[in-house]
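Note sheet for the following structure.
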Amino acid sequence: MRFKSVVLLSRLFWLFIVRRVLGRGLLASPAARLSTIFLLVLAFAGFNVLSYVVIRQYLGGTGLLEPVLQVANASVGFWVLIAYTLIRVLFMKADELLKLSFNLPVTNKERTMAFALFESSLVLLMTVFVFGAFSISTVLIEGPDYIPRVLASIWFPAISTYLLLSLGYYLLERALQALRIARLRGLIVPMVLAFGLAVAFPQTNEQSSQIAESYVLGRDYFAPALLYAKLQEAVGLWLSILILLATSAAVIPAIVAIAPRNYVPMRRFFVFLPSRLADRTFGVYILVLFRSFETMVAISFIIIYSVFAWLEHLVFPPYVLALITFQGVYAFSNSEPLRRMVTYPGRTVANYLRLVGSQGVLLMVVGIPVITISLSQGITFEACLPVLGLCLSNILISTLVGIAFPPEKGNPFTVIMGVLLTVIVVMIVALGLNVFNFDPMISAGIFTALNMLVVFYSILGMRRMERIARHEVVA
Amino acid sequence: MKWLLRSIVGMTVSFVVTMIVVVASFITTMFSASEIGVRKSGLFGALFFEPHAKPDGATALEIGVSNGAPIALVFAASLVFYVAVASVLERLKLHKKRLLQANQD
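Protein chains in written order, with the numbering used here: chain A, 1 to 475; chain B, 1 to 105.
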């Protein structure tokens with residue numbers, strides 16, 4: 001393996017992603033790009049200020065920062081797992097990105113390693129977003145003496161956890177290849193990761209309460225996750241850096257050795273439902289949605305969760321249904337070929353209704369059994385109604401995100417930017433309306449009006465894209 | 001049609017900006033009010049925030065809008081700002097187009 005080509009290739013991936021993200025959809029216009037960057041920086045700054053204010057108000061000068069830092073240390077693993085899961089699941093669709101390098105003189109192993117390097121920089125970026133605010137405000141409050149502590153209790157464990165996760169992932173991929181089911185990894189990997197999250201969450205909680213308890217009782221608490229912090233406390237920063245380097249030096253060659261040598265393409269569709277449905281245009285839209293791989297992943301998650309909730313007698317409204325409504329993000333771009341194939345694709349409003357309607361059918365098909373299970377567990381139907389409202393509004397919003405920030409194969413970021421921006425705006429609007437203390441009926445009315453606005457913008461966006469495709473306006 | 005579209009976009013943008021201002025001032029008010037029974041107001045008296053003790057010793061929060069005028073003012077100001085920026089941008093674009101056409105001739 002040549003190290004130089006690994007670095008070169010990962011730089012190529014970065015360049016591709018950055019240019020692709022900044023050149024598509026709404027982000028293609030400089031004004032939208034500037035305001036997006038501004039909004040993101042503002043959100044991060046706001047996050048920092050909020051965390052500084054909260055920590056100073058509640059923990060400043062109380063000496064309680066010590067156990068809080070330990071709790072944060074114990075939860076680092078969980079957060080890194082979340083970031084890893086997100087990036088992994090996002091890039092499941094990214095075969096296109098890997099295909100970029102198929103005509104370059106690199107081996108499969110170098111390609112895998114380059115992708116791992118690219119991915120690790122992304123996970124690092126996400127970890128900075130999650131723990132950056134906490135680290136900065138802790139150091140600001142307690143002074144620069146805290147820098148080694150923050151390093152040893154947050155950043156070193158994050159690096160080691162990430163490396164171990166990668167090793168685990170490649171082991172899993174090797175096992176799937178040995179069992180000859182590697183083509184299904186798009187279904188199996190998210191499930192394994194979700195299972196990991198389900199196991200890690202209660203454990204992290206348990207550890208946090210143990211840390212709090214031993215602090216109150218004045219005991220010394222030790223867990224493997226706190227290794228670096230303990231070493232830093234007992235011996236000093238340099239030794240913990242040395243240990244970090246030693247473990248990394250042990251794990252990285254193992255990753256290189258275990259990374260699969262051959263490339264197996266991933267399955268994209270499941271062929272079910274009769275093709276006769278394609279007689280009607282609406283039927284084609286239904287087929288596109290139901291047969292896609294992502295829908296299957298979402299449905300299997302919902303089934304697993306429902307069975308789990310049923311067995312464990314969890315009395316909780318079926319918010320898990322919202323998972324399926326996020327398919328709306330792909331609805332527009334997945335069905336785009338349908339509108340390109342014919343000379344006259346039909347009226348925009350009709351196409352929009354087909355897009356949203358097919359998702360409504362999917363929601364109904366999945367929702368009826370799930371809600372029946374919830375009702376049989378004693379949840380009232382009134383408690384399920386807000387869930388349905390949320391799902392419907394989520395379908396509309398995610399379809400708009402898919403139109404304004406069209407996802408492509410190999411570039412999941414445009415969508416992520418769109419989803420992030422939308423979540424920020426929706427949260428701000430929801431919080432703002434909450435301050436007004438409106439009557440529930442008036443609030444429902446306002447939300448309906450906002451959803452109508454979302455529909456209006458979606459149709460507007462679709463019409464504009466159609467006109468660009470017909471060369472009626474300049475993009 | 002063009003003006004209808006532009007006004008709808010303007011309304012949306014100013015609505016979101018107003019909400020951002022309301023939420024930001026709400027959060028700052030929340031962190032400046034710490035004593036029980038003291039009524040704090042933010043955003044030039046538009047929002048109020050009052051923690052008071054319940055009979056069982058817990059602290060309850062009362063939040064709300066006491067005066068809608070400043071919020072409406074924020075909305076109007078951002079709408080005016082948006083309209084001004086949009087029309088200036090439009091002029092500049094027209095100007096650029098004209099210059100390019102003059103170059104071609």
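Heads up, the beta-carbon is just placed ideally off N, CA and C, and yes, glycines get one too.
This one's a predicted model, so the numbers in the text were calculated from it and none came from an experiment.
For Ser41(B), DSSP records a beta bridge to Phe48(B). The beta carbon of Ser240(A) sits closer than 7 Å to the beta carbons of Ala152, Phe156, Tyr228, Leu231 and Gln232 from its chain, once the five residues preceding and following it are set aside; these are given in chain order. Between the segment 337 to 351 of chain A and the segment 384 to 392 of chain A, the count of C-beta pairs closer than 8 Å stays below three; the two stretches do not touch. Chain-order list of chain A residues neighbouring Gly64(B): Val435, Phe436 and Asn437, by C-beta distance under 8 Å. Under the three-state reduction of DSSP output, Asn437(A) falls in the coil class, being neither helix nor strand. If you compare the alpha carbons of Met113(A), Tyr319(A) and Ser358(A) with that of Ile379(A), the shortest gap goes to Tyr319(A).
Taking 8 Å as the CB threshold, Leu4(B) stays off the interface with chain A. Between Val74(B) and the set Arg91(B), Phe44(B) and Val9(B), the nearest pair of CA atoms involves Phe44(B). Taking 8 Å as the upper bound for CB-CB distance, Phe326(A) and Ser208(A) are not in contact here, some 30 Å apart. Taken through DSSP and simplified to helix, strand or coil, Asn351(A) comes out as helix.
Around the C-beta of Gln101(B), fewer than 16 other C-beta atoms lie within 10 Å, and the residue is accordingly described as exposed. Taking each of Leu122(A), Leu273(A) and Asn351(A) in turn and checking the Cα distance to Ser10(A), the smallest one comes out for Leu122(A).
In this structure, Ser135(A) keeps its C-beta atom at 8 Å or more from the C-beta atom of Tyr52(A). Straight-line spacing of the CA atoms in Ala72(B) and Pro30(A) works out to 30 Å. Shown here, Val365(A) sits in a helix according to DSSP, grouped into three states.
Listed along chain B is no residue with a C-beta nearer than 8 Å to that of Gln232(A); the closest approach is about 33 Å. Going by DSSP, Asp95(A) is part of the alpha helix (DSSP H) stretching over Asp95 to Lys99. Residues of the segment 404 to 435 of chain A with a C-beta atom less than 8 Å from some C-beta of chain B are Val425, Ile428, Val429, Leu431, Gly432, Leu433 and Val435, listed in chain order. Scanning the segment 132 to 186 of chain A from its first residue to its last, the whole alpha helix (DSSP H) runs of 4-plus residues come out as 147 to 150 and 156 to 178. Of all alpha-carbon atoms in Ile87(A), Leu289(A), Gly186(A) and Pro148(A), the one lying nearest the alpha-carbon of Ala234(A) is that of Pro148(A). When DSSP states are grouped into helix, strand and coil, Val21(A) belongs to the helix group. In this structure, the alpha-carbon of Phe282(A) lies about 10 Å from that of Ala350(A). Here the segment 100 to 113 of chain A lies against the segment 253 to 262 of chain A, with 3 or more beta-carbon pairs under 8 Å apart.
Selection Thr12(B), Val65(B), Val16(B) and Lys54(B) evaluated against Val435(A) yields Val65(B) as nearest (Cα-Cα). With a threshold of 8 Å between beta carbons, Met19(B) makes contact with chain A. Nearest in C-alpha terms to Leu311(A), of all of Ser376(A), Pro253(A), Glu336(A) and Ala322(A), is Ser376(A).
The beta-carbon of Leu47(B) is placed less than 8 Å from the nearest beta-carbon of chain A.
In this structure, Val76(A) lies near Ile154(A), with their beta-carbon atoms less than 8 Å apart.
In the structure shown, Glu466(A) adopts helical secondary structure according to DSSP, grouped into three states. Per the Cβ contact rule, the segment 188 to 205 of chain A is not in contact with the segment 112 to 128 of chain A (fewer than 3 Cβ pairs under 8 Å). Going by beta carbons, Tyr352(A) and Met462(A) fall inside the 8 Å limit. Around Ile395(A), the same chain offers Thr325, Gly328, Val356, Gln359, Gly360 and Leu363 as residues with beta carbons nearer than 8 Å, after the five sequence neighbours per side are excluded. Interface annotation, Gln57(A): in contact with chain B, CB-CB separation under 8 Å. Contact between Gly432(A) and Phe332(A) is ruled out by a C-beta separation of about 29 Å, above the 8 Å threshold. Phe31(B) is classed as exposed because its beta carbon has fewer than 16 other beta carbons within 10 Å across all chains shown. Cβ contact annotation for Leu117(A) (same chain, cutoff 8 Å, sequence separation greater than five): Val6, Val7 and Ser10, in chain order.
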